[in-house]
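Colleague:
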Amino acid sequence: QNEEKWDFVLVSDIHEMGSEKEIKRKKFLDELNKKGFTIKKIEDTKLFYGVRAPQHIFWKYQCFLANTNSRQQNSSASQDIPVTTRIRVVHFILQNTVTSDLEKLHDLMKKKVFEAAFPLHKNEEIRQILKKNWARWRVMFKEQPIEEIRCYFGEKVALYFAWLGWYTYLLVFAAVAGVATVAAGATVFSSSQVSKELCNANDTIMCPLCDQNCSFWVLSDTCTYAKVTHMIDNEATVVFAMFMAIWATVFLELWKRERATVATNWDLYGWDEEEEELALHLINNSQHEPQLYQHSYFRSTIVLILALLMIMVLIGIAHALVIYRAVSMALFMQSEVSLLSKHADTIAVMTGAVLHYLTIVIMTKVNWHVALFLCKLEKPRTSSQRENNFTVKIFIFQFFTNFSSLIYIAFFLGRINGHPGHYVRIAGHWRLEECHPSGCITDLFIQMAVIMVLKQTISNIMEYLVPWISHQLRKKQKSPRKRSMMLGEEEEAEDPCKRQWLNNYELNEVNVFSLFNEYLEIVIQYSFTTIFVAAFPLAPLLALINNVIEIHMDAIKMMRLRRRMVPRKAKDIGIWLQVLEAIGILAVIGNGLVIAITSDFIPVQVYKYMYSPCARENHTSMDCSTGYINNSLSVFHIRDFETHTKVFPEFNGVQIKECRYRDYRNADDYTYTVQFWHVFAARLAFLILFEHVALCVKLIAAWYIPDVPQKVKNIILKEKHSNLQNELSMTEYSTEV
Numbered sequence: 074q075n076e077e078k079w080d081f082v083l084v085s086d087i088h089e090m091g092s093e094k095e096i097k098r099k100k101f102l103d104e105l106n107k108k109g110f111t112i113k114k115i116e117d118t119k120l121f122y123g124v125r126a127p128q129h130i131f132w133k134y135q136c137f138l139a140n141t142n143s144r145q146q147n148s149s150a151s152q153d154i155p156v157t158t159r160i161r162v163v164h165f166i167l168q169n170t171v172t173s174d175l176e177k178l179h180d181l182m183k184k185k186v187f188e189a190a191f192p193l194h195k196n197e198e199i200r201q202i203l204k205k206n207w208a209r210w211r212v213m214f215k216e217q218p219i220e221e222i223r224c225y226f227g228e229k230v231a232l233y234f235a236w237l238g239w240y241t242y243l244l245v246f247a248a249v250a251g252v253a254t255v256a257a258g259a260t261v262f263s264s265s266q267v268s269k270e271l272c273n274a275n276d277t278i279m280c281p282l283c284d285q286n287c288s289f290w291v292l293s294d295t296c297t298y299a300k301v302t303h304m305i306d307n308e309a310t311v312v313f314a315m316f317m318a319i320w321a322t323v324f325l326e327l328w329k330r331e332r333a334t335v336a337t338n339w340d341l342y343g344w345d346e347e348e349e350e351l352a353l354h355l356i357n358n359s360q361h362e363p364q365l366y367q368h369s370y371f372r373s374t375i376v377l378i379l380a381l382l383m384i385m386v387l388i389g390i391a392h393a394l395v396i397y398r399a400v401s402m403a404l405f406m407q408s409e410v411s412l413l414s415k416h417a418d419t420i421a422v423m424t425g426a427v428l429h430y431l432t433i434v435i436m437t438k439v440n441w442h443v444a445l446f447l448c449k450l451e452k453p454r455t456s457s458q459r460e461n462n463f464t465v466k467i468f469i470f471q472f473f474t475n476f477s478s479l480i481y482i483a484f485f486l487g488r489i490n491g492h493p494g495h496y497v498r499i500a501g502h503w504r505l506e507e508c509h510p511s512g513c514i515t516d517l518f519i520q521m522a523v524i525m526v527l528k529q530t531i532s533n534i535m536e537y538l539v540p541w542i543s544h545q546l547r548k549k550q551k552s553p554r555k556r557s558m559m560l561g562e563e564e565e566a567e568d569p570c571k572r573q574w575l576n577n578y579e580l581n582e583v584n585v586f587s588l589f590n591e592y593l594e595i596v597i598q599y600s601f602t603t604i605f606v607a608a609f610p611l612a613p614l615l616a617l618i619n620n621v622i623e624i625h626m627d628a629i630k631m632m633r634l635r636r637r638m639v640p641r642k643a644k645d646i647g648i649w650l651q652v653l654e655a656i657g658i659l660a661v662i663g664n665g666l667v668i669a670i671t672s673d674f675i676p677v678q679v680y681k682y683m684y685s686p687c688a689r690e691n692h693t694s695m696d697c698s699t700g701y702i703n704n705s706l707s708v709f710h711i712r713d714f715e716t717h718t719k720v721f722p723e724f725n726g727v728q729i730k731e732c733r734y735r736d737y738r739n740a741d742d743y744t745y746t747v748q749f750w751h752v753f754a755a756r757l758a759f760l761i762l763f764e765h766v767a768l769c770v771k772l773i774a775a776w777y778i779p780d781v782p783q784k785v786k787n788i789i790l791k792e793k794h795s796n797l798q799n800e801l802s803m804t805e806y807s808t809e810v
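Heads up, the sequence shown is in our numbering, so the first residue is 74 and it goes up one at a time.
(1) Between the Cα of Lys449 and the Cα atoms of Ala643, Lys438, Asn462, which residue gives the shortest distance?
(2) For Leu83, name the three-state secondary structure that DSSP assigns.
(3) Go ahead and pull the three-state DSSP assignment for Trp239.
(4) Using only the alpha-carbon positions, how far apart do Arg556 and Tyr578 sit?
(5) On the DSSP bridge assignment, give the partners of Ala189 in chain order.
(6) Roughly how many angstroms separate the alpha carbons of Leu365 and Pro453, rounded to a whole number?
(7) Three-state secondary structure (DSSP) at Lys215?
(8) Give the DSSP-derived three-state secondary structure of Glu89 in the structure shown.
(9) Beta strand (DSSP E) containing Pro705: first to last residue?
(10) Rank Arg159, Gly91, Trp541, Ala231 by C-alpha distance to the C-alpha of Lys644 and give the top, closest one.
(11) For Glu792, which residues of its own chain have a beta-carbon under 6 Å away from its beta-carbon, when the five flanking residues on both sides are left out?
(12) On the three-pair Cβ rule with 8 Å, is the stretch 478-493 touching the stretch 263-272?
(13) Would you list, in sequence order, the uninterrupted alpha helix (DSSP H) runs of no fewer than 4 residues that lie entirely inside the stretch 697-754?
(14) Ignore the nearest five residues each way along the sequence and tell me which others in Asp673's own chain have a CB closer than 7 Å to its CB.
(15) One question on the structure: do Ile199 and Glu221 come within less than 7 Å of each other, judged by their Cβ atoms?
(16) Can you tell me whether Trp210 is buried or exposed? The criterion is at least 16 other CB atoms within 10 Å of its CB, across all chains shown.
(17) By a C-beta neighbour count over all protein chains shown, 10 Å radius and 16 as the cutoff for buried, is Lys205 buried or exposed?
(18) Let me know the secondary structure DSSP gives Leu175 once reduced to three states.
(19) Do the CB positions of Ala417 and Met406 come within less than 7 Å of each other?
(20) What is the residue span of the beta strand (DSSP E) that Ile116 lies within?
(21) Suppose the cutoff is 8 Å on Cβ atoms and the five residues either side in sequence are ignored; what does the same chain contact list for Val596 look like?
(22) Quick check on Asp516: buried or exposed, where buried means 16 or more other Cβ atoms within 10 Å of its Cβ?
(23) Where does the unbroken alpha helix (DSSP H) through Phe605 begin, and where does it stop?
(24) Once DSSP output is grouped into helix, strand and coil, what is the label at Tyr366?
(25) If you compare alpha carbons, which of Lys571, Leu593, Leu588, Asp340 is closest to Phe470?
(26) On a Cα-Cα basis, can you pick out the residue from Thr474, Ser411, Met279, Met423 that is closest to Met436?
(27) For Phe289, does the count of other Cβ atoms within 10 angstroms reach 16, so buried, or fall short, so exposed?
(28) Taking just the CA atoms, how far does Arg635 sit from Asn877?
(29) Helix, strand or coil, according to DSSP, for Gly251 in the structure here?
(30) So, helix, strand or coil for Gly647, using DSSP?
(31) Straight-line CA distance for Asp340 to Thr310?
(32) Between which two residues does the alpha helix (DSSP H) containing Gly425 stretch?
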């Protein structure tokens, strides 16, 4: 039996005859009838209207495209129109059809006249291929059928999966390099001189880490952490950070080549989005006047001020988290419950991390509404312009939401809290928290690991479970009603469309942002993978595992759990490319700062070449970092403690007169030593050198790899030549005649 072909299905509640909603619905369907649309009505628990566009609409569309793009063959046969094009054209007309009350479809949907409008997942051969070769867990490591995805979901979705696949493939190299860095650190760490000294420092008494109930402690207590820290904080990390800066550039350059090839294969090189939109408007309404470009400096200023205010709020939230950790640690320390006071620092950090995760979840929703509001203020001309504006805003807001606490931990924690006897305090009372005793990079490592593991596991589980559960619930609610049979009454044959439309209606709805959300998730993950990768070299490995799962999860969602997306045409990934390039530059700055400021790499090098036994006498036999630990600790006299600090001067039965703390200060007046300024200068010099070298290497890589392959350039060149030749022969022919 030949299945009837319907382009779109509109769903509406069964309204009372003569009610306002019913009149509005009738007006809208009348407008479609005037345009020559065929409409079929099926009644169930809801009203379903199948919509099929007349053939002349597509002929017009093909004529427009044939004139604007010489590569499109001018054909008038209906079977030449791809299904994706049909759906796109019909969707545009439905969205822009105006009733006599000057209402469009989205106005009617807001007023609940219509409940849903969607294209159908049809039982086409291509759908079966995609289900078999793509939307299953079994085919996880096979190449994606990009051509089939394009034929079913349109170019925009196909480009997303092509890009995601390409990113995942290149992550393999970054992941291998990251694992190699950690492995190199692991082989060296137990034998490293710094770790040995730290683990043998049984008689180095350190100053208390808090004001009340904290005793002195011995440096060798942090032995295990110091070993772990050395795994990520060693010479190999510098090379790895450099490698990642180059990797980010090469990834984007190679993607540009890949995209150029794809765009040529899909005949998209001459395609112009603006022209397409104008053509669709004219097909829908031949009297259509184009909306002109507008720009208002006043509007831009307002948007800028509001965006800056929002960023200030996000930074303020990061500050609030810092204050929470400092205050909660002090309160836990004073607690009567021994479990709390014993593990106060761990509990404060853990609850802080959970709070941070909650702020990310809540602020994501807030950011979304603010970005939409700012976009409305700007009044963008086209949907693609609106999407670009929205993308930039939401990315900046999400970046600050996700990264502000990481930036604090990386560059401010433990550097702005003073020294024993003169601590910086919140409201003159609570001490700011210190770095982890084994070094500041440990805090960053823990935070990165917690966020990446939590974010990816929780968001992936939610991303799959929520649509799956809601699909199951919709199925239960919307099962078709069965009429009770009368005696002797024959059952009427059920319309074949009914079952198909109902099945599609039961699926989860999709919206404009369905694909946008997928992009945003991966781009934020890309930021985590590149910006602070020096502190967490395993980030690319986690990203790789996540992406392999993500590709197939998205595929299953699109094919089995969601209604069909309206296919959109596109010739690249849009403004996301600029966002990725910006992240690439931030990655160079971020990693340079992590190595220069957060890690102990620079202080160790300064010690080796200026203060170690090797520098003073020519000892070639001994390790040059011998004595570094003792050199990096300053002396503090207990009599100089502030009144806030309550400490018992006894420790293990010994009366203590002085303790040590990490800093370069003089023992008598606690001013900075000369070595502090040497280290400071070296950090600055390294930062400037690292960033300039990395940026130069990025520029060279970008120049070395052409954006468009020669093959593609030659194809386009030959096409232009043959088109001009044809035109020339045509003019010669017409002049002869």
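Think of the CB as a built atom: it goes at the ideal place given N, C-alpha and C, for glycine as much as any other residue.
All values reported here derive from a predicted model rather than from experimental measurement.
Modeller: So, to answer that:
(1) Asn462
(2) strand
(3) helix
(4) The predicted position of Arg556 is uncertain, since its pLDDT is 48 and thus under 50; no value can be drawn from it.
(5) Val84
(6) 10 Å
(7) Of the three classes helix, strand and coil, the one that applies to Lys215 here is coil, per DSSP.
(8) coil
(9) Inspection of the sequence shows that residue 705 is occupied by Ser rather than by Pro. Segment: none, Ser705 is in no beta strand (DSSP E) and carries neither H nor E.
(10) Ala231
(11) none
(12) no
(13) 701-704
(14) Asp306, Gly512
(15) Closer than 7 Å, so yes.
(16) Around the beta carbon of Trp210, fewer than 16 other beta carbons lie within 10 angstroms, which makes this residue exposed.
(17) exposed
(18) coil
(19) yes
(20) Just to set this straight, residue 116 is Glu in the shown sequence, not Ile. Taken as a continuous stretch (DSSP letters only), the beta strand (DSSP E) holding Glu116 covers 111-116.
(21) Phe468, Trp649, Val652, Leu653, Ile656
(22) Using a 10 angstroms sphere on the CB of Asp516, the tally of other CB atoms reaches 16 or more, which defines it as buried.
(23) Note, Phe605: premise wrong, no alpha helix (DSSP H); not H, not E.
(24) Tyr366: coil per DSSP, three-state reduction.
(25) Ranking Lys571, Leu593, Leu588, Asp340 by CA distance to the CA of Phe470 puts Leu593 first.
(26) Thr474
(27) Phe289 is buried by the Cβ-count criterion.
(28) Outside the displayed range of the chain (74 to 810) lies residue 877, so it cannot be described from this structure.
(29) Correct three-state label for Gly251: helix.
(30) coil
(31) 44 Å
(32) Counting along the chain, the unbroken alpha helix (DSSP H) around Gly425 starts and ends at 417-451.
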